[in-house]
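One structure is given here, and the rest of the page talks about it.
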Amino acid sequence: MRNYFFILAGSLLLIGAITYLTRWYYAPYFYAFGAAGVALSFMTSPYQGLDLRGRRLHRINIIASVLIIVSSYFMFRDHTGWVVFLLIAALLILYTSFIRR
Numbered sequence: 000m001r002n003y004f005f006i007l008a009g010s011l012l013l014i015g016a017i018t019y020l021t022r023w024y025y026a027p028y029f030y031a032f033g034a035a036g037v038a039l040s041f042m043t044s045p046y047q048g049l050d051l052r053g054r055r056l057h058r059i060n061i062i063a064s065v066l067i068i069v070s071s072y073f074m075f076r077d078h079t080g081w082v083v084f085l086l087i088a089a090l091l092i093l094y095t096s097f098i099r100r
């Protein structure tokens with residue numbers, strides 16, 4: 000169930016980021032709901048029983064979700080810094096997804 004929730008939240012995040020370029024009024028709200036969903040998905044994922052490397056990767060995902068929420072704040076403030084925070088978070092998530100395998 001958490002995987003479907005993560006996919007839905009990621010889709011909302013992507014829709015919000017793309018439609019923000021068109022200056023749609025509701026784009027930051029889609030992005031914020033997606034950011035909250037991604038953060039909730041990462042924070043509720045189980046990490047007990049993982050080795051040291053798994054716990055470290057889990058913490059990196061938590062940091063990435065906080066960065067996504069910070070980028071949402073900057074999006075509401077109409078500041079272009081949201082792109083930088085989103086890029087850093089995306090690189091961290093990409094790193095953890097390849098290292099985990």
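Mapping of the sequence shown onto numbering that gives the first Met the number 0: residues 0 to 100, in sequence order.
Every residue gets a Cβ at the ideal spot worked out from N, C-alpha and C, and that includes glycine.
Residue range of the unbroken alpha helix (DSSP H) whose run includes residue 18: As a position in the sequence shown, residue 18 is number 19, starting the count at 1. Note, residue 18: alpha helix (DSSP H), 1 to 19.
Under the rule that 16 or more other beta-carbon atoms within 10 Å means buried, what is residue 10, buried or exposed? Numbered from its first residue, the sequence shown carries residue 10 at position 11. Counting Cβ neighbours within 10 Å, residue 10 comes out exposed, since fewer than 16 surround it.
Can you look up residue 30 in the DSSP assignment and give me helix, strand or coil? Indexing the sequence shown from 1 puts residue 30 at position 31. Looking at residue 30 - three-state DSSP - the assignment turns out to be helix.
Can you find the residues in the same chain that come closer than 6 Å, C-beta to C-beta, to residue 88, ignoring five residues on each side of it along the sequence? Residue 88 sits at position 89 when you count from the first residue of the sequence shown. The beta carbon of residue 88 is closer than 6 Å to those of 63, 66, 67 in its chain, skipping five residues each way along the sequence.
Since residue 54 and residue 46 are thought to touch, with beta carbons under 8 Å apart, how far apart are those beta carbons, to the nearest angstrom? Residue numbering aside, residue 54 sits at position 55 when the sequence shown is read from its first letter. Residue numbering aside, residue 46 sits at position 47 when the sequence shown is read from its first letter. Right, the Cβ-Cβ distance comes to about 6 Å (below 8 Å), so this counts as a contact.
Proximity of residue 26 and residue 19 at Cβ, strictly below 8 Å: In the sequence shown, counting from the first residue as 1, residue 26 sits at position 27. In the sequence shown, counting from the first residue as 1, residue 19 sits at position 20. Pairing residue 26 with residue 19 gives a Cβ-Cβ distance under 8 Å.
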